[in-house]
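Residue numbering for the sequence shown follows this note's numbering, beginning at 19 and increasing consecutively. Here's the structure we're looking at; comments come further down.
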Amino acid sequence: MTSPFTPDVIEAIQRHMNGDHGDDCRVIVQGLGGQPGATSAAMSGMDADGMDFLATVDGAELPVRVPFTQRLTERRQVRAEAARMYREACASLGIEPRADAR
C-alpha cells in the first residue's frame, strides 16, 4: 500500500518536528523507541504507519522507528499522533510533558 503523504508533505512535517520539537523527538525515541540512553534525535522520515528518527546513542547514530497507533490517511492526523507519542513517551519515562502538550 502506498503512503498518502507526498515527499513535500513529509519534508514539511520533518522540518517542523526538527525545528520546533527537537526535544520532543528525543523524548519519543527514549520513551517509545526503546532507546532510553538517546542524547538527541531528529525525525528522518515517515509514512502512514510510523515516524522514523535518527538518534544519537552512546555517540553513534542509530535509526529508530516508532509506529503510529493506526494507519494515517490524512496530514491533519499527524499532529495528533505526534502529540500522543510525546505524551505517552513522557509517561513511560516518568516525566511531566510540557504544559502545552498535556
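Positions of the beta carbon are idealized from the N, C-alpha and C atoms, including for glycine.
| query | result |
| --- | --- |
| Distance between beta carbons of A100 and A73, contact taken as under 8 Å | A73 to A100, Cβ: 16 Å. No contact. |
| Cβ-Cβ distance between Y104 and D65 below 9 Å | no |
| Length of the line joining the Cα atoms of A98 and G40 | 17 Å |
| Contact under 9 Å by Cβ, F86 with V47 | no |
| CB of P25 within 9 Å of CB of L90, strictly | no |
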